[in-house]
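Shown next, in structure tokens, is the structure this report addresses.
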Amino acid sequence: MLWYTAGFRVRLALGGALMLASTALALAQPLIAQRVLDRLARDQPVSGLLLALAGAVVLGTAIGAVGYFLVETVGESVVRTVRRRLVTRILRLRVSATEEIGPADLISRLVADTTLLRQVTTQAMVASVTAVLALLGSLVLMGLIDHVLLAVTLTAVVTMSVSVRWAAARIGQATGRAQEAVAHLAVLLDRDLGAFRTVKAAGAEAHEIGLLTDAADAAWRRGLRVARWQATSGASANFLMQTSFLAVLGVGGARVASGQLRLADLIAYLLYMLFLTQPVTTLVSAWGQLKAGGAAVDRLQSVLGLAVEPASLSAPRPRPAGTRTADARPAPAPWAEVGGTRVGGTGVGGTGAGGTGAGGIEVGGPGILAAGPEAAIAAPASSSRRRTSEGDDLSPNGTNGVNGTLEAVRRGVGGSNPAPAGTCATVQFQHVVFSYRPGLPFAHQGVTFTVPAGGMTAVVGPSGAGKSSLFALLERFYEVDAGRVLVDGRDVRDWPLADLRRSIGYVEQEAPVLAGTLRENLTLGLSGVTDEQLWKTVALARLDDLVQTLPGGLDGWVGHRGGTLSGGQRQRVAIGRALLRRPRLLLLDEATSALDAVNEAALRDVLTTAAESTTVMVVAHRLSTVRDARQIVVLEAGQVRAVGTHSELLHADPVYRTLAANQLLVPDA
Numbered sequence: 001m002l003w004y005t006a007g008f009r010v011r012l013a014l015g016g017a018l019m020l021a022s023t024a025l026a027l028a029q030p031l032i033a034q035r036v037l038d039r040l041a042r043d044q045p046v047s048g049l050l051l052a053l054a055g056a057v058v059l060g061t062a063i064g065a066v067g068y069f070l071v072e073t074v075g076e077s078v079v080r081t082v083r084r085r086l087v088t089r090i091l092r093l094r095v096s097a098t099e100e101i102g103p104a105d106l107i108s109r110l111v112a113d114t115t116l117l118r119q120v121t122t123q124a125m126v127a128s129v130t131a132v133l134a135l136l137g138s139l140v141l142m143g144l145i146d147h148v149l150l151a152v153t154l155t156a157v158v159t160m161s162v163s164v165r166w167a168a169a170r171i172g173q174a175t176g177r178a179q180e181a182v183a184h185l186a187v188l189l190d191r192d193l194g195a196f197r198t199v200k201a202a203g204a205e206a207h208e209i210g211l212l213t214d215a216a217d218a219a220w221r222r223g224l225r226v227a228r229w230q231a232t233s234g235a236s237a238n239f240l241m242q243t244s245f246l247a248v249l250g251v252g253g254a255r256v257a258s259g260q261l262r263l264a265d266l267i268a269y270l271l272y273m274l275f276l277t278q279p280v281t282t283l284v285s286a287w288g289q290l291k292a293g294g295a296a297v298d299r300l301q302s303v304l305g306l307a308v309e310p311a312s313l314s315a316p317r318p319r320p321a322g323t324r325t326a327d328a329r330p331a332p333a334p335w336a337e338v339g340g341t342r343v344g345g346t347g348v349g350g351t352g353a354g355g356t357g358a359g360g361i362e363v364g365g366p367g368i369l370a371a372g373p374e375a376a377i378a379a380p381a382s383s384s385r386r387r388t389s390e391g392d393d394l395s396p397n398g399t400n401g402v403n404g405t406l407e408a409v410r411r412g413v414g415g416s417n418p419a420p421a422g423t424c425a426t427v428q429f430q431h432v433v434f435s436y437r438p439g440l441p442f443a444h445q446g447v448t449f450t451v452p453a454g455g456m457t458a459v460v461g462p463s464g465a466g467k468s469s470l471f472a473l474l475e476r477f478y479e480v481d482a483g484r485v486l487v488d489g490r491d492v493r494d495w496p497l498a499d500l501r502r503s504i505g506y507v508e509q510e511a512p513v514l515a516g517t518l519r520e521n522l523t524l525g526l527s528g529v530t531d532e533q534l535w536k537t538v539a540l541a542r543l544d545d546l547v548q549t550l551p552g553g554l555d556g557w558v559g560h561r562g563g564t565l566s567g568g569q570r571q572r573v574a575i576g577r578a579l580l581r582r583p584r585l586l587l588l589d590e591a592t593s594a595l596d597a598v599n600e601a602a603l604r605d606v607l608t609t610a611a612e613s614t615t616v617m618v619v620a621h622r623l624s625t626v627r628d629a630r631q632i633v634v635l636e637a638g639q640v641r642a643v644g645t646h647s648e649l650l651h652a653d654p655v656y657r658t659l660a661a662n663q664l665l666v667p668d669a
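Under UniProt numbering, the residue at position 565 of the sequence shown is numbered 565, and the numbers go up by one with no gaps.
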């Protein structure tokens, strides 16, 4: 636990030294009192000794106060340092790690456990050191007065040490369980607040209140166990000290009566006995705090031990033993061809025009898919677009309307190193095998297909087919179990993570909105965004009506998790946030599911335009939003079933035809 005080040890040592000086002055006071009594017995002046006694009291109090303040400032600094380190660690955790320890539990550790840590690293440690020295000093001085009385006192001190040590171990165990119970209460409350409207709509308030009440009662019961052991420890120490005092008084009185001890010495010894009460009480309390803090430290260390995402990777990572290679990949299903596009099986892409595709099946036909990944990387974004040397858009539609607005947004906005405008990413999934956790069913089983640079690629299929998981792998929220995911021909595991995500605009299925202003949500993670670029993005994402109605406009508060916004508005905010990044790869996971028909049609036009200068991947249940996609990938049970255009798949793939028929998208025969 001492390493938590690194950087503050000089201040901590100074505070401890001042507290020791205060203790030394306190130890001198009984000796001065003894001299006062001796002089009074001899009818000698005591004014000087009384001034010395008063000075020791005042100076000791002042020095002790300064030392205590320094120690307290170290405690606050330790808490701040640990909390900053925890916050940094938590936000860099892998997504899978946050599923092991829930958000509410992490918050509990950040708030409650760090407060306990403060008691350990400063109050308990410094106070215990000071108390030990005060105890030893007192015992030495008491031994100088009378060794017989010291033996009586030591008997009580040793007995008390054994009992306190026994109780402290139970205090540590009970505190750990109490902190776990508090964290469980926080988890339950977070669950209810995260689905607050659902709880109310289901009329489940009484049920949830019962669960929360039970959790609060459990935390209370465990807290009582801590209090019980602390009370036992304190009461034992107090009982032994009181017994020791009475024994010393009895034995000392007998020795005074027999002439073996002077009365002044007995009074001085009894004053030391009274003084001894404070360090003993401090030690008992500090020992319990150390044990309680140890439980908090264990919980904090468990967070620091969770897996984090790599900050950057400058060289390819070593391939672990047993990882599948291209020669040990799962065999794909047979392929068929529809208009030059391969349909059916588990993969897409080849090694060259007329070359060998996955599994050695010959691939023919025109286009990027048939030409293989190398051609896909080199392919232009769109043959209908050209640029001047300055990068100005000279598309057939000019720079007005949606095209011009999108290009204006794409220029000059982004993180510290935004991708060059006009470049498009290519994506390849090569025999990907993936499950979220060991023991769970595989979400992907040999998924292979290529997304060419530019244009829109849609991923469709039944629920649970593994569509959204593809985006999670692209963003490196999870790692593949086998196979590879490539962006621009480079394994995502070899990309510097910041560069990879800077190139991607990601719209999640839930379209989360953070508590804050609309401006803060749109510019999340970006710097240097001008109002002009922001307003153009607002127009693109069809957020004009929201800005007009939201009090404060762009600087208006959107509520906790966007609670003041409708589902469609949240989706448009998420889309606007992604467009403002001017990504080379735009990922949209059911991004229009909550939009009305008018806004869906408008945003479909925006995405169509974006696909001319950006690679767009869309996961969709509404086939109407992707029927004009450059290619559509059909997933089923974690495998690629078919790839083609809307019209090709209607004729070639029964699963896609069923999906289309259910949405009335199959033309009458």
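Cβ atoms here follow ideal geometry from the backbone N, Cα and C, with glycine treated the same way. Model, not experiment: these values are computed from the prediction.
Where do the ends of the alpha helix (DSSP H) carrying T549 lie? Residue range 544-549 is occupied by the alpha helix (DSSP H) that includes T549.
Looking at the structure shown, is V529 part of a helix, part of a strand, or coil, going by DSSP? Coil at V529, not helix or strand.
Is the segment 246-265 in contact with the segment 206-224, if contact means three or more CB pairs nearer than 8 Å? No contact exists between the segment 246-265 and the segment 206-224.
Scan the segment 553-605 and note each continuous beta strand (DSSP E) run of 3 residues or more that stays entirely inside, going in chain order. The DSSP assignment places 585-589 as complete runs of the beta strand (DSSP E) inside the segment 553-605, in order along the chain (cut-off: 3 residues).
Determine the direct distance from the alpha carbon of V538 to that of E532, and round the result to whole angstroms. Distance between E532 and V538, taken at the CA atoms: about 10 Å.
Paired residues, beta bridge with Q631 - DSSP: Its beta-bridge partners are T457.
Please go through the same chain and pick out, in chain order, the residues whose beta-carbon is closer than 6 Å to the beta-carbon of A515, but skip the five residues on each side of it. Excluding positions up to five away in sequence, the list reads H560.
Can at least three beta-carbon pairs, one atom from the segment 29-46 and one from the segment 6-16, be found at a separation below 8 Å? As far as the Cβ criterion goes, the segment 29-46 does not touch the segment 6-16, which means the pair count is below three.
Judging by CA-CA distance, which residue of D491, V460, S138, P462 is the nearest neighbour of A24? A24 has its Cα closest to that of S138, out of D491, V460, S138, P462.
Between the alpha carbons of R113 and L93, how many angstroms are there, rounded? Checking the sequence, you will find Asp at residue 113 rather than Arg. If you draw a straight line from the Cα of D113 to the Cα of L93, it is about 19 Å long.
Please work out which residues of its chain come closer than 6 Å, Cβ to Cβ, to A472, disregarding the five sequence neighbours upstream and downstream, and give them in chain order. Cβ contact annotation for A472 (same chain, cutoff 6 Å, sequence separation greater than five): Y478, in chain order.
From L650, S258, V187, pick the residue whose C-alpha is nearest to that of P103; which is it? With respect to the C-alpha of P103, the residue from L650, S258, V187 having the closest C-alpha is V187.
Rounded to whole angstroms, how far is the Cβ of V226 from the Cβ of A174, which I believe are closer than 8 Å? Contact between V226 and A174 holds: their C-beta atoms lie close to 4 Å from each other, under 8 Å.
Assigned exposure category for R501 - 16 Cβ within 10 Å defines buried: Result: buried.
Within the same chain, show all residues whose beta-carbon is closer than 6 Å to that of R572, passing over the 5 residues directly before and after it, in chain order. Answer for R572: A541, R542, L543, listed in chain order.
Residues near F434 by beta carbon distance below 6 Å, same chain, minus five either side: Cβ neighbours of F434 beyond the five flanking positions: A443, H444, V480, D481.
Alpha carbon to alpha carbon, how far is V129 from L51? Give it in angstroms, no decimals. Distance between the alpha carbons of L51 and V129 is about 30 Å.
Is R490 helix, strand or coil when you go by DSSP? Strand.
Kindly indicate which residue of Q230, G568, D494, A28 has the alpha-carbon position closest to the one of D596. When each option's Cα is compared against that of D596, the closest is G568.
Pick from T549, L27, G464: whose alpha carbon is nearest that of T564? Residue nearest to T564 within the set T549, L27, G464 is T549 (criterion: CA-CA distance).
Among V126, R35, L524, L91, the one whose alpha carbon lies nearest that of G75: That would be V126, whose Cα lies nearest to the Cα of G75.
R581 and N521 - do their beta-carbons sit closer together than 9 Å? Contact annotation: N521 and R581 have beta-carbon atoms that are not nearer than 9 Å.
Neighbour-count burial assignment, P30, 16 or more Cβ in a 10 Å radius: Buried, because 16 or more other Cβ atoms sit within 10 Å of the Cβ of P30.
Using the Cα positions of E180 and R118, report the straight-line distance between them to the nearest angstrom. Looking at the two C-alpha atoms, the distance is approximately 18 Å.
Consult DSSP for T346 and reduce its assignment to one of helix, strand or coil. Summary for T346: the model assigns pLDDT 38, below 50, so the residue's position carries little reliability, and this model does not support an answer.
Rounding to the nearest angstrom, what Cα-Cα distance links V655 and G461 in this structure? Taking the straight line from one Cα to the other gives about 8 Å.
Contact check, T615 vs D628, beta carbons under 9 Å: Judged by their CB atoms, T615 and D628 are not nearer to each other than the 9 Å cut-off.
Put V643 into one of helix, strand or coil per three-state DSSP. V643 carries a strand assignment under DSSP once its states are collapsed to helix, strand and coil.
Which residues in the same chain have their Cβ closer than 8 Å to the Cβ of S244, if we skip the five residues on either side of it in sequence? Hits under 8 Å: V152, T153, T155, A156, V157, M273.
For L554, the nearest candidate out of W535, G562, S566, R570 (CA to CA): Taking the Cα of L554 as reference, the smallest distance to any Cα among W535, G562, S566, R570 is reached at W535.
Which residue's Cα is closest to the Cα of Q428: Q34, E99, V598, V633? Nearest C-alpha to Q428 among Q34, E99, V598, V633: V633.
Could you work out which residue in V111, Y68, W287, S96 is closest to V87 when comparing CA atoms only? For V87, the nearest C-alpha among the options comes from V111.
Between the Cα of Q639 and those of A183, L283, F196, K467, spot the shortest distance and give me the residue it belongs to. Of the candidates A183, L283, F196, K467, K467 places its Cα closest to the Cα of Q639.
Figure out for me which residue from L659, V487, H184 has the closest Cα to the Cα of W220. Nearest to W220 by C-alpha distance, out of L659, V487, H184, is H184.
For the candidate residues T198, L59, D190, whose alpha-carbon lies nearest to that of D105? Taking only the C-alpha atoms, the option nearest D105 is D190.
Y272 - containing beta strand (DSSP E), residue span: For Y272, no beta strand (DSSP E) segment is defined; the enclosing uninterrupted segment is the alpha helix (DSSP H) at 263-304.
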